[in-house]
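First residue of the sequence shown: 14, per this note's numbering; consecutive thereafter. Each residue gets a CB set at the ideal place from its N, CA and C atoms; glycine is no exception. Just so you know, these numbers come straight off a predicted model, no measurement behind them.
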Amino acid sequence: MPTARFAPSPTGPLHLGHAHAAIFAAHAAEPGGRFLVRIEDIDGARCRPEFATAILDDLAWLGLDWERPERVQSEHMAEYRAALARLDAMGLLYPCFCTRADIAREIGRSGAAPHGTDGPIYPGICRALPEAEARRRMDSGEGFALRLRADAATARSGPLAWRDEEAGEVTVDAAAFGDVVLARKDTPASYHLCVALDDALQGVELVTRGRDLFTATSVHRLLQALLALPVPRWHHHDLLTDAKGKRLAKRDRAATLAALRAAGKSPAAVRALAGFPD
Ligand code: GLU
């Protein structure tokens, strides 16, 4: 069986939706595969070590067993920076100085607002900034993000596809995500870059995660091609919903594992609530 992983971001307590994703990943590695847990804590402003500790405690309480030690992304920033430098050397990155408001204004003006993996697709305001001006603004301390030149990147990679266990073959279409952010001034690597790199470094063969990240997978497939990384298979699963069919969110306190544990539920009862009756 393959190597699979659960990769939570420690931005809050684990809830039933996460438990579903974690058990789904653990089952994907059974029997005889490797099950890994990775702490995705690159966003220092939103992640907290105490949430990471609580997440691991909840996973063990649920009865899951994974290979130790867990990979903790914040301990590997130099590796992400090196990958970013490789993409930069290929001429595939550009600095973007836009605030959310700048982007919203431009989208409002042009009237077109197709949605990508991380919100509205970037309308390309900074794509053609002269290099000298970009350098001057970076040197003056202005905040910026590094974006991928999606068109140039796909031209370099050639046609790409990836395989989902349920959806089958999916063709990568750069227009579906556009010039995604790969780094920010304060966060030297984005989710997309770290996930693509870590899944390869950790030998993950089957990436399982919720359908909300389906479009993001095409970005990861493109990064794998650019960085010559091995290509896993993917299985995007349904997201757990509440009784009204609404997706569970971090704010649904009653659905946190901490609340369920405090209410006296057993691990088997919580596994069943997460969609995995014994
Ligand atoms: N860290 C991401 C999250 O918590 C999941 C990443 C992944 O499974 O690829 O949403």
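In three-state terms, what does DSSP make of residue i?
i	result
residue 244	coil
residue 157	coil
residue 182	strand
residue 252	coil
residue 50	strand
residue 139	coil
residue 167	helix
residue 173	coil
residue 280	helix
residue 196	strand
residue 219	strand
residue 105	coil
residue 84	strand
residue 129	strand
residue 274	helix
residue 224	helix
Could you pull out every residue in the same chain whose Cβ sits closer than 6 Å to the Cβ of residue i, ignoring the five residues on either side in sequence?
i	result
residue 94	201
What residue range does the alpha helix (DSSP H) around residue i cover?
i	result
residue 62	62-75
residue 114	113-123
residue 287	Unbroken run through residue 287: none, as it is neither H nor E.
residue 206	204-214
residue 232	229-239
residue 19	Per DSSP, residue 19 belongs to no alpha helix (DSSP H); it is in the beta strand (DSSP E), 17-19.
residue 145	144-152
residue 99	90-102
residue 57	Premise fails: residue 57 is in no alpha helix (DSSP H) and is neither H nor E.
residue 30	29-41
Contact defined as beta carbons within less than 8 Å: I believe residue i pairs with residue j. What is the distance between those atoms, to the nearest angstrom?
i	j	result
residue 220	residue 234	Contact flag wrong, Cβ pair sits at about 11 Å.
residue 191	residue 129	5 Å
residue 69	residue 284	Actually they do not touch by this definition, with Cβ atoms about 17 Å apart.
residue 211	residue 51	6 Å
residue 119	residue 138	6 Å
residue 166	residue 240	With a Cβ gap of about 11 Å, residue 166 and residue 240 do not count as contacting.
Whose C-alpha, out of the options, is nearest the C-alpha of residue i?
i	options	result
residue 232	203, 72, 39	203
residue 198	251, 227, 89, 55	55
residue 287	275, 251, 277, 157	251
residue 53	240, 168, 278, 206	206
residue 194	146, 103, 279, 97	97
residue 43	61, 51, 78	78
residue 281	18, 32, 66, 14	32
residue 45	152, 63, 16, 258	16
residue 214	226, 230, 242	242
Skipping 5 residues on each side, what residues in its chain have a beta carbon closer than 8 Å to that of residue i?
i	result
residue 148	none
residue 261	28, 29, 30, 252, 253, 254, 255, 268
Tell me which residues share the same chain as residue i and place their Cβ nearer than 7 Å to its Cβ, disregarding the 5 neighbours each side in the sequence.
i	result
residue 109	139, 157, 158, 160
residue 85	52, 54
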